[in-house]
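Just so we're aligned: the sequence shown equals residues 743 to 1348 in the working numbering. Here's the structure we're looking at; comments come further down.
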Amino acid sequence: MKRLVALGIMMAALGAQAAVPHFAVAGDHFELDGKPYVIRAGEMHYARIPRAFWRERLQQVRAMGLNTVTTYVFWNLHEPEPGRFDFSDNLDLAAFVRTAREVGLNVVLRPGPYVCAELDFGGFPAWLLRTPGLRVRSMDPRFLEATARYFKRVAQEVAPLLSTRGGPILMTQVENEYGSYGEDHAYMATIQQQLIDAGFDLPLFTSDGPDPTLLDRGTLPGLTPVVNFNGTVDEVKDAFAQLAAFRPNTPRMSGEYWAGWFDHWGERRHQVSPKLAADAVDWMLGQGISFNLYMAHGGTSFGWQPGANSHGTTYQPDTTSYDYDAAIDEAGRPTPKFHAVRAAIERHLAPGERLPDLPAQAATIAVPRFTLDESVALVDTLPKPIASRLARNMEAYGQGYGFIVYRKRFAEGASGKLDLGAVRDYAHLLADGATFATLDRRRDEHVTELDLAAGSTLDVVVENMGRVNFGPMLAEERKGLTRAVSLGDKPLLDWEVFPMPLADVSGLRFVRGAPAKRGPTFWRGHFSTSASGSTFLDTRALGKGHVWVNGHHLGRYWRIGPQQSLFLPAPWLRKEDNEIVILDMDGAAEAPSVQGLRDPVFATPG
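Laid out in structure tokens, this is it:
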């Protein structure tokens, strides 16, 4: 009998223990396993870091004193075409979360559907723009059907890792800074319900600026609001005063404390002092306030990932580097900001808590200068053309990223004012394969003079420089030529169109030497390295274009800066033969040469 009673007491105790949620919002604070918990988080995006580096970077985050890693989920990468999902290799979200748990980190998940993140179209897949009139971040049923499918697929990946199953994912964000975009509470409630229906049965939260109007527009009753901001300790105090006034008795958390900032092409590099960031962390921890450093490690917006901002009608494309002046730099090396933040956190550790030692610093290497001596003109690589009465936007031809070429043949010659209507985003104009003009959306350029002889061919090569990822322009960011084209005030019709997404450049056929005419050109070369480590390809001698190494698209370079080098991760290098392909849009007169540097290069735009 005594054994039965004892067994009953034990079972009751186990039941009571099981009733305590792994993670919970308890009034004005968070709790983990029934005890008050302060989230010390840092943002890091798995898709911006080669998978071979994940563990090392997460260990660095832990060594900085953080107990949580926060990541967005990039819808555009996970569902590149409707219903076709990819969670493999560098997009294996569940593997990233499991690795975080293995190094002692919890996780905060931010699946959007909109993420901003200086990502093309704010993380929305470009194929949404193929549907005429579709409105993102709205009650448009076509959009909501797509978001519901996406959330279910993400939940399928991470369900066993949610805090309600004892996993490391503590909570999940609903949308992202919606208060800065709209005020449709029905839409926000629908996104919240879609997440719940998908299986996200854990605490949910919203993230907005601390302004009371943004908070009112961006959150809902029953959701935990957190606030995004930067600045001095006084500005931090003010942000939390506004949050407390908006909703008392809620956990205080900075969903994003901007410890750095991102860069635009043609503008100055942004930097934030280590002391400013460390002082903010010190004050928040002294008040028992949770935070998320955005970014702890920024990484790189490889390939076609970078987005853009818009200031009024001014277009501001983002650089390839997403270093963000973060505590851990683009190559994975701790910076003075890292050590300042770590010291601030150490002053607030619980009795007996000790931070892990910092792992060995990531190696970077130099690569001696080498020349790319094989080439092929871009106009000699065009795919099969599409006959088109009008020159339409890129999405109308089923294309999301890369370049698109519009060709017009003039049997009788042509001259006068050529107006492309709107260039999205940078155009090289070629006459019979040779460049004669460029038009830059940043300067609202879309008009040039045309003077072609009979039998000439006009090619308009338009580069997608990244869709706007923040603000009202987000909804209508189609690329290529997006308005009617005219010559001498008369419509210019009957085009051949060549979509060039450049997802794979392995099929290009090169020959020795330079093309006969100066226009956009692919160049190929080879190099070897005996050392192990990442490097930064020096692009200062190049103009404007893109680089691929061993099939990996490193991203865009542009002489206008501030970025003047491209990060090449060690896992993408081979000891013996490395193939490099450069798309030189400016049409160099001779074979280009590059070298690898141990450190990145930045320049102040003139």
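Think of the CB as a built atom: it goes at the ideal place given N, C-alpha and C, for glycine as much as any other residue.
Cutting at 6 Å between CB atoms, please list the residues of its own chain near residue i, excluding the five before and the five after it.
i, result
"residue 1271", "1109"
"residue 1207", "1059, 1167, 1168"
"residue 1130", "1237, 1239"
"residue 756", "In this prediction, residue 756 scores a pLDDT of 36, lower than 50, which makes its location untrustworthy; the coordinate-derived value is nonetheless stated afterwards. Nothing listed; no residue qualifies."
"residue 1289", "1296, 1308, 1324"
"residue 778", "771"
"residue 1247", "1290, 1323"
"residue 1330", "none"
"residue 894", "940"
How is the alpha helix (DSSP H) around residue i delimited, first residue to last?
i, result
"residue 818", "817 to 820"
"residue 1003", "Careful: residue 1003 lies outside any alpha helix (DSSP H) and carries neither H nor E."
"residue 955", "954 to 960"
"residue 791", "Note, residue 791: premise wrong, no alpha helix (DSSP H); not H, not E."
"residue 886", "883 to 900"
"residue 1300", "No alpha helix (DSSP H) contains residue 1300, which is instead part of the beta strand (DSSP E) from 1294 to 1300."
"residue 773", "No alpha helix (DSSP H) contains residue 773, which is instead part of the beta strand (DSSP E) from 771 to 774."
Measure the Cβ-Cβ separation of residue i and residue j and say whether it is below 7 Å.
i, j, result
"residue 1261", "residue 1172", "yes"
"residue 1189", "residue 1161", "yes"
"residue 849", "residue 842", "yes"
"residue 1072", "residue 1309", "yes"
"residue 1042", "residue 1005", "no"
"residue 1267", "residue 1114", "yes"
"residue 1136", "residue 1221", "yes"
"residue 1121", "residue 1252", "no"
"residue 906", "residue 851", "no"
"residue 1123", "residue 1284", "no"
"residue 1243", "residue 1143", "yes"
"residue 1069", "residue 1020", "no"
"residue 1360", "residue 918", "Nothing about residue 1360 can be read from this structure; the chain reaches only from 743 to 1348."
"residue 1104", "residue 1075", "yes"
"residue 1201", "residue 1149", "yes"
"residue 800", "residue 767", "no"
Below 8 Å CB to CB, which residues in the same chain sit around residue i once its five sequence neighbours on both sides are set aside?
i, result
"residue 873", "884"
"residue 924", "879, 880, 959"
"residue 754", "In this prediction, residue 754 scores a pLDDT of 38, lower than 50, which makes its location untrustworthy; the coordinate-derived value is nonetheless stated afterwards. Correct list: empty, nothing qualifies."
"residue 978", "971, 996, 999, 1022, 1025, 1026"
"residue 1163", "1188, 1223, 1224, 1225, 1226, 1227, 1228"
"residue 896", "815, 820, 835, 853, 940"
Under DSSP, the beta strand (DSSP E) around residue i begins and ends at which residues?
i, result
"residue 1279", "1277 to 1280"
"residue 1038", "1032 to 1039"
"residue 1058", "1056 to 1059"
"residue 915", "911 to 915"
"residue 689", "This structure cannot speak to residue 689, because the chain is shown only from 743 to 1348."
"residue 765", "765 to 768"
"residue 934", "Run containing residue 934: none in the beta strand (DSSP E); it sits in the alpha helix (DSSP H), 927 to 940."
"residue 1290", "1286 to 1291"
"residue 1116", "1116 to 1119"
Kindly list the residues whose CB is nearer than 7 Å to the CB of residue i, restricted to its own chain and excluding five residues on each side of it in sequence; keep chain order.
i, result
"residue 1017", "1082"
"residue 1294", "1314"
"residue 1193", "1157"
"residue 992", "770, 966, 967"
"residue 982", "994, 1031"
On the DSSP bridge assignment, give the partners of residue i in chain order.
i, result
"residue 1344", "1305"
"residue 1128", "1239"
"residue 1158", "1192"
"residue 784", "811, 1035"
"residue 1106", "1276"
Just to check, is the beta-carbon of residue i closer than 6 Å to a non-hydrogen atom of the ligand SAM?
i, result
"residue 810", "The ligand SAM is not among the ligands present in this structure, which contains no ligands whatsoever."
Contact the region 779 to 793 vs the region 1034 to 1052: 3+ CB pairs below 8 Å: Enough Cβ pairs lie closer than 8 Å, so yes.
Meets three-Cβ-pair contact criterion under 8 Å: the region 928 to 943 and the region 969 to 982: The region 928 to 943 vs the region 969 to 982: no contact.
Three or more C-beta pairs below 8 Å linking the region 1297 to 1312 and the region 1325 to 1345: The answer is yes - the region 1325 to 1345 touches the region 1297 to 1312, with three or more Cβ pairs under 8 Å.
Cβ pair count under 8 Å reaching 3, the region 1009 to 1027 against the region 1175 to 1189: No contact exists between the region 1009 to 1027 and the region 1175 to 1189.
Three or more C-beta pairs below 8 Å linking the region 888 to 906 and the region 946 to 959: No contact exists between the region 888 to 906 and the region 946 to 959.
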